[in-house]
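In our numbering, the protein residues as written are 61 to 179.
For every residue, glycine included, the Cβ atom is placed at its ideal position computed from N, Cα and C.
The structure under discussion appears below in the form of structure tokens.
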């Protein structure tokens, strides 16, 4: 599975969550954190997709994705430990720890595997 297949939906979920947090609670932290991180992840996913179209790997995109997911795991994990609230901290921390593991796996295995060119 290619990183962009999960990264773009993950980024969109964060963006929607940030917007919902802002609309419901007028939380600028939700807006900035969710939309900002989500947008960065969508852009990294798009960068990875474009590199894949050129039959290359984008290690820059993988590093950006890994750093964002690890940061969200740490920040939202701490928030969950402090508040014990599943929504949104527990869910985002859980998704982010899975995504961090996936990105580390992708880095360890050499990125996206480019299929042999059909002749």
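Under the rule that 16 or more other beta-carbon atoms within 10 Å means buried, what is residue 136, buried or exposed?
buried
Report task. Write down the C-beta distance between residue 153 and residue 125 rounded to the nearest angstrom, noting that I regard them as a contact closer than 8 angstroms. Result -> Between residue 125 and residue 153 the Cβ distance is about 17 angstroms, and since that is not below 8 angstroms, they are no contact.
Under three-state DSSP, which class holds residue 139? helix
Margin query: So for residue 118, helix, strand or coil by DSSP?
Written below: coil
> Apart from the five residues just before and just after residue 72, which ones in its own chain have a Cβ nearer than 8 angstroms to its Cβ?
Replying inline: 98 and 102
Under DSSP, the alpha helix (DSSP H) around residue 69 begins and ends at which residues?
63-85
- prompt: Which residue's Cα is closest to the Cα of residue 77: 174, 177, 147 and 162?
  reply: 147
Which residues bound the alpha helix (DSSP H) around residue 102?
-> 96-113
For residue 168, does the three-state DSSP call read helix, strand or coil? helix
| task | Flag this pair as yes or no: are the beta carbons of residue 122 and residue 64 separated by less than 8 angstroms? | result | no
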